[in-house]
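Asks: My questions will all concern the structure given below.
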Amino acid sequence: MNTSSPTRVRFAPSPTGYLHIGGARTALYNYLFAKINGGSMVLRIEDTDRNRYIKDSEKQLIKDLKWLGISWDEGPDVGGIYSPYTQSERTKLHRSHAEQLVNIGKAYYCFCDKARLQSIRSKHKGYDEHCREIDTDIALERVTSGEEHTIRFRSPKQGTTTVDDLIRKNITVKNEQLEDFVLFKADGFPVYHLAAMVDDHLMGITHVIRGEEWLSSIAKHALIIRAFGWSEPIWCHLSVLTQPGGKGKMSKRDTKTDEQDDNHSIFIHDLRSKGYHPEAIINWMVLMGWSLDDKQENFKLADLEAVFNLERINPSPAAVNFGKLDHFQGKHIRQMSDSEVAANIQPFLLKSGITPDKEMLLKLVPLIKNRITTFEDSVEWLSFFFTKEIMLSPSEFTNKKSTKEETLVILQEVKLTLEQLPKYKHENIESELRLLADKMNLKLGQLLNPVRLAISGQKVSPPLFETLELLGDYLVNSRIEKAIKLLENI
RNA sequence: GCCCCCAUCGUCUAGGGGACCAGGACGUGGGCCUUUCAAGCCCAAGACCGGAGUUCGAAUCUCCGUGGGGGCACCA
Numbered sequence: 001m002n003t004s005s006p007t008r009v010r011f012a013p014s015p016t017g018y019l020h021i022g023g024a025r026t027a028l029y030n031y032l033f034a035k036i037n038g039g040s041m042v043l044r045i046e047d048t049d050r051n052r053y054i055k056d057s058e059k060q061l062i063k064d065l066k067w068l069g070i071s072w073d074e075g076p077d078v079g080g081i082y083s084p085y086t087q088s089e090r091t092k093l094h095r096s097h098a099e100q101l102v103n104i105g106k107a108y109y110c111f112c113d114k115a116r117l118q119s120i121r122s123k124h125k126g127y128d129e130h131c132r133e134i135d136t137d138i139a140l141e142r143v144t145s146g147e148e149h150t151i152r153f154r155s156p157k158q159g160t161t162t163v164d165d166l167i168r169k170n171i172t173v174k175n176e177q178l179e180d181f182v183l184f185k186a187d188g189f190p191v192y193h194l195a196a197m198v199d200d201h202l203m204g205i206t207h208v209i210r211g212e213e214w215l216s217s218i219a220k221h222a223l224i225i226r227a228f229g230w231s232e233p234i235w236c237h238l239s240v241l242t243q244p245g246g247k248g249k250m251s252k253r254d255t256k257t258d259e260q261d262d263n264h265s266i267f268i269h270d271l272r273s274k275g276y277h278p279e280a281i282i283n284w285m286v287l288m289g290w291s292l293d294d295k296q297e298n299f300k301l302a303d304l305e306a307v308f309n310l311e312r313i314n315p316s317p318a319a320v321n322f323g324k325l326d327h328f329q330g331k332h333i334r335q336m337s338d339s340e341v342a343a344n345i346q347p348f349l350l351k352s353g354i355t356p357d358k359e360m361l362l363k364l365v366p367l368i369k370n371r372i373t374t375f376e377d378s379v380e381w382l383s384f385f386f387t388k389e390i391m392l393s394p395s396e397f398t399n400k401k402s403t404k405e406e407t408l409v410i411l412q413e414v415k416l417t418l419e420q421l422p423k424y425k426h427e428n429i430e431s432e433l434r435l436l437a438d439k440m441n442l443k444l445g446q447l448l449n450p451v452r453l454a455i456s457g458q459k460v461s462p463p464l465f466e467t468l469e470l471l472g473d474y475l476v477n478s479r480i481e482k483a484i485k486l487l488e489n490i
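At position 117 of the first sequence (counting the first as 1) the number is 117 in my numbering, and the numbers step up by one without a gap.
If you want it as structure tokens, here you go:
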């Protein structure tokens with residue numbers, strides 16, 4: 001490891017699906033580590049598996065990362081001196097490095113086909129090393145004559161390989177466990193193990209921060225690096241994220257999440273379209289497997305760029321807790337200014353067919369700021385302000401406590417009171433209606449509930465006095481009138 | 001089956017030999033506030049996986065179990 005060179009990290013996803021919180025959290029940790037060290041972050045697309053390639057996933061991945069606020073210094077979209085950053089465009093490099101290992105006796109050509117491999121699988125633990133001792137000249141001849149082949153690593157058969165992981169200390173693997181694994185496939189593409197190590201080295205990566213799923217192949221990676229005589233990066237393996245219950249790897253679920261839970265998803269893209277704020281997601285993700293101390297846990301991305309460290313990463317698996325995402329989301333919304341919230345809400349209103357006046361929206365925001373968790377929630381809180389006709393069902397107006405007649409009287413009295421108001425301001429509305437409730441010998445709630453229902457069509461609404469003011473006397477009057485008629489006709 | 005990793009409230013975690021009858025956060029229950037619903041504030045319940053060992057002393061160190069997870073491809 002070279003401690004004197006500047007920190008360089010990489011996030012190296014494969015374009016086989018969309019960005020989920022597992023990948024995003026790995027990207028975040030890399031990003032933060034680069035930031036705090038004044039180093040650089042590289043985005044590298046590992047697309048050597050042509051079978052699992054999904055066409056638009058790279059584009060979407062970049063979009064999702066950017067939306068979260070995670071940026072990189074070099075990558076397929078921005079270029080850089082170690083270009084190209086798309087692995088499939090570097091196969092020549094990988095090939096020559098694989099051949100280099102063959103030349104120094106650390107790897108060899110293998111001519112076994114899939115059928116043979118399949119047939120020996122039951123008898124041998126791994127590859128049976130059928131081609132390991134083929135004479136190098138003969139092997140080279142067969143290769144140049146065009147015979148289909150792979151390149152395999154000549155694994156040591158004795159001793160152990162020990163690798164140092166930053167958060168797990170030493171990891172030792174017995175070499176007899178290692179088979180002669182493939183470095184370069186017959187289809188002309190390298191295998192991950194080779195490609196990633198070659199690219200990491202060529203790109204000057206100093207710290208490899210990646211998921212735990214790579215831990216079991218770390219000996220292979222170290223062996224490849226050592227075979228080339230390169231210096232090893234500092235390894236840091238993050239734990240996996242598990243399902244909300246704490247059992248099973250999260251990403252196995254792959255699609256949505258809990259059946260009953262359509263607000264939550266492990267995909268960044270879904271979270272975005274549900275109306276979560278990127279800062280809330282960042283705050284939530286960073287705490288899955290990392291903590292600063294026992295005091296602080298509300299962080300913005302900018303805060304994290306100043307306090308993050310690798311040493312405090314927790315090696316044990318973390319279960320995804322969507323309740324906590326909602327909590328952070330709420331916190332972030334409440335920290336925002338009204339105009340910020342308005343700006344975030346607007347697209348969701350638009351999407352549901354509401355085109356709010358900017359000034360009006362700004363007045364509405366304070367009424368719902370404490371009541372929404374996602375921005376999308378604002379739609380159900382506000383739609384009655386913007387729809388001409390609201391749906392009323394007469395049965396809602398009566399219950400155990402009040403009869404139809406009582407409710408009618410209330411609505412008529414309220415209507416009269418409101419019509420006589422000199423100023424249609426919530427302060428006036430409040431004082432007059434409180435007076436009215438007193439006069440009628442009613443609790444304020446008893447008086448207000450039918451009104452709420454009449455003007456919003458809902459049992460719950462934003463605070464009523466402000467709501468009446470913003471709705472305006474004309475709409476309020478006509479809606480109460482309509483409710484009265486409805487009740488009279490039962 | 002083989003290899004590797006992990007283990008504190010339901011969940012995320014603090015703690016790293018005495019400061020711990022274990023602290024915080026989410027969630028849950030209760031209360032206050034209150035025009036509904038929230039938000040906010042207050043209170044409560046709730047954990048060191050088990051067993052040996054080391055030590056005057058173990059949540060903390062060691063070993064063995066057990067449990068959970070990850071990986072064993074011409075996938076990444």
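The C-beta atom is built at its ideal place from N, Cα and C for all residues, glycine as well.
Kindly indicate the opening and closing residues of the alpha helix (DSSP H) around residue 119.
Replies: Run containing residue 119: 114-121, per the alpha helix (DSSP H) assignment.
Asks: According to DSSP, what are the bridge partners of residue 153?
Replies: DSSP output for residue 153 lists 107 as bridge partner(s).
Asks: Compute the distance between the beta-carbons of residue 47 and residue 62, then report whether it is under 8 Å.
Replies: No; because the gap between Cβ atoms is not below 8 Å, this pair is not in contact.
Asks: Let me know the secondary structure DSSP gives residue 132 once reduced to three states.
Replies: Coil, per DSSP.
Asks: Measure the CB-CB distance between residue 212 and residue 240 and report whether it falls below 8 Å.
Replies: Their beta carbons are under 8 Å apart, which means residue 212 touches residue 240 by this criterion.
Asks: Take residue 227 and list the residues in its own chain whose beta-carbon comes closer than 7 Å to its own, dropping the five residues that flank it on each side.
Replies: Answer for residue 227: 101, 106, listed in chain order.
Asks: State the DSSP-derived secondary structure class of residue 253, mapped to helix, strand or coil.
Replies: In this prediction, residue 253 scores a pLDDT of 44, lower than 50, which makes its location untrustworthy; the coordinate-derived value is nonetheless stated afterwards. Residue 253: coil per DSSP, three-state reduction.
Asks: Which stretch, first to last residue, makes up the beta strand (DSSP E) that contains residue 393?
Replies: Note, residue 393: premise wrong, no beta strand (DSSP E); not H, not E.
Asks: Report the three-state DSSP secondary structure of residue 339 (helix, strand or coil).
Replies: Residue 339 falls in the helix class under three-state DSSP.
Asks: How is the alpha helix (DSSP H) around residue 202 delimited, first residue to last?
Replies: From DSSP, the alpha helix (DSSP H) with residue 202 extends over 192-202.
Asks: Helix, strand or coil: which one does DSSP assign to residue 354?
Replies: The answer is coil: DSSP assigns residue 354 none of H, G, I, E or B.
Asks: So for residue 322, helix, strand or coil by DSSP?
Replies: Helix, per DSSP.
Asks: Considering only DSSP beta bridges, list what residue 241 is partnered with.
Replies: Its beta-bridge partners are 318.
Asks: Using 8 Å as the threshold, is the C-beta distance between residue 476 and residue 418 below it?
Replies: Cβ atoms of residue 476 and residue 418: closer than 8 Å.
Asks: For residue 491, which of 87, 95, 467, 436 has the nearest alpha-carbon?
Replies: Any answer about residue 491 is impossible in this case: the structure gives the chain only from 1 up to 490.
Asks: Do residue 276 and residue 346 have their C-beta atoms closer together than 8 Å?
Replies: Cβ distance not < 8 Å, so residue 276 and residue 346 don't count as in contact.
Asks: What residues are listed by DSSP as bridge partners for residue 74?
Replies: In the DSSP output, where bridge partners are listed per residue, residue 74 has 42.
Asks: Over what stretch of residues does the beta strand (DSSP E) that includes residue 10 continue unbroken?
Replies: Where residue 10 is concerned, the enclosing beta strand (DSSP E) stretches over 8-11.
Asks: In the DSSP output, what is residue 20 paired with across the bridge?
Replies: According to DSSP, residue 20 bridges with 267.
Asks: Could you give the residue range of the alpha helix (DSSP H) that holds residue 220?
Replies: First-last of the alpha helix (DSSP H) with residue 220: 218-228.
Asks: Does DSSP classify residue 102 as helix, strand or coil?
Replies: Residue 102: helix per DSSP, three-state reduction.
Asks: Using DSSP with H/G/I as helix, E/B as strand and the rest coil, what is residue 184?
Replies: Looking at residue 184 - three-state DSSP - the assignment turns out to be strand.
Asks: With a threshold of 8 Å on Cβ separation, who are the neighbours of residue 169 within its own chain once the five nearest residues in sequence on each side are excluded?
Replies: There are no such residues.
Asks: What did DSSP end up calling residue 162 once you bin it into helix, strand or coil?
Replies: Here residue 162 sits in strand by DSSP.
Asks: What's the call for residue 462, buried or exposed, on a 16-neighbour Cβ count within 10 Å?
Replies: Counting Cβ neighbours within 10 Å, residue 462 comes out buried, since at least 16 surround it.
Asks: Do residue 57 and residue 15 have their C-beta atoms closer together than 8 Å?
Replies: Yes. Within cutoff.
Asks: Verify whether the separation of the beta carbon atoms of residue 160 and residue 174 is less than 8 Å.
Replies: The answer is yes: Cβ separation under 8 Å.
Asks: Using a Cβ distance threshold of 8 Å, determine whether the region 440-450 contacts the region 368-385, with at least three qualifying pairs required.
Replies: Contact fails: fewer than three Cβ-Cβ distances are below 8 Å.
Asks: Use the C-beta contact count for residue 9: other C-beta atoms within 10 angstroms, 16 or more gives buried, fewer gives exposed.
Replies: So residue 9 ends up on the buried side.
Asks: Assuming the contact rule is C-beta atoms closer than 8 Å, residue 150 and residue 198 should be a hit. Round their C-beta distance to whole Å, please.
Replies: So it is not a contact: roughly 16 Å between Cβ atoms.
Asks: Tell me whether residue 460 sits in a helix, a strand or coil according to DSSP, three-state version.
Replies: DSSP places residue 460 in coil when its eight states are reduced to three.
Asks: According to the Cβ coordinates, are residue 36 and residue 306 closer than 8 Å?
Replies: Going by C-beta atoms, residue 36 is nearer than 8 Å to residue 306.
Asks: Alpha carbon to alpha carbon, how far is residue 489 from residue 413?
Replies: If you take the alpha carbons of residue 489 and residue 413, they lie about 19 Å apart.
Asks: What's the gap between the Cα of residue 384 and the Cα of residue 376?
Replies: Rounded to the nearest angstrom, the two C-alpha atoms are 15 Å apart.
Asks: The beta strand (DSSP E) that contains residue 172, what's its start and end?
Replies: Note, residue 172: beta strand (DSSP E), 169-174.
Asks: Restricting to Cα atoms, I'd like to know which of 12, 153, 237 is closest to residue 131.
Replies: When each option's Cα is compared against that of residue 131, the closest is 153.
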